[in-house]
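Colleague: Under the numbering used here, think of the first position of the sequence shown as 46, with each following residue one higher.
The C-beta atom is built at its ideal place from N, Cα and C for all residues, glycine as well.
All figures in this text were calculated on a predicted structure; none of them were measured in a lab.
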Amino acid sequence: MPSNPMKLYTPEVLSLATQLARWPHDPEMPLQGRARSSSCGSVLAMSLALDDAGAIEKIGLSAQACAIGQASAAIFAEAAPGQGKADLQTALASIETWLKGEGPQPDWPGLSAIDAAKDYPARHGAVLLPWKSALDALP
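#1: Please tell me whether residue 179 and residue 91 are closer than 7 Å, where the distance is taken between their beta carbons.
#2: At the level of alpha carbons, what is the spacing between residue 168 and residue 151?
#3: With H, G and I counted as helix, E and B as strand and the rest as coil, what does DSSP make of residue 64?
#4: Please specify which runs of the beta strand (DSSP E), each continuous and at least 3 residues long, are wholly inside the region 87-168, giving them in chain order.
#5: Go to residue 76, then tell me how far its beta strand (DSSP E) extends in each direction, as first and last residue.
#6: Specify the secondary structure class of residue 69 as computed by DSSP and reduced to three states.
#7: Evaluate residue 115 with the Cβ neighbour count: other Cβ atoms within 10 Å of its Cβ, from every protein chain shown; 16 or more gives buried, anything less gives exposed.
#8: What three-state label does DSSP hand residue 180 in the structure shown?
#9: Give me the Cα-Cα distance between residue 82 and residue 174, rounded to the nearest whole angstrom.
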C-alpha cells in the first residue's frame, strides 16, 4: 500500500470535499438513499428528485465521510443531473472494475481528481458511496 497520504489528499481533493454545501440534503425530496462503506465507516445520505423521464433533476447530500468520500460525492453531484438508473448502474460497475485495476478510468467527469484513491483499497468504499447511495434511492 502506498505510504504517502499527500498523494491521496491533494489540494484538489480537499477543495472538492468542501463543495458539498452546494447540494444540501433535503428530506422533503421524494427519494432518499443511504450508503455506508464497510472498509472505513463513511456514510453518505442522498436526496433526489427526478424529471419526467426518470433522470436525476435535483440532488442533496449529507456526508459523514473522509475527504475522499466527500470529494467523490461532489464529483458525482456535479455530473449526476440528467443521469438515469441504468446510467448509474453502468457507471458503478465501471468504477468498481477500475478500482480493482481491471479496466480503464471510467468516463465520469471529474473522476480523475481522485485517481490516486485507486492505490488505496481502504478508500474504495468511500469512492463508491455516491453511486451506491443514489441507486439505493432510485425505484
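Modeller: On the basis of the data shown:
#1: yes
#2: 17 Å
#3: helix
#4: 88-95, 101-109
#5: Here the beta strand (DSSP E) through residue 76 covers 76-81.
#6: strand
#7: buried
#8: Residue 180: helix per DSSP, three-state reduction.
#9: 7 Å
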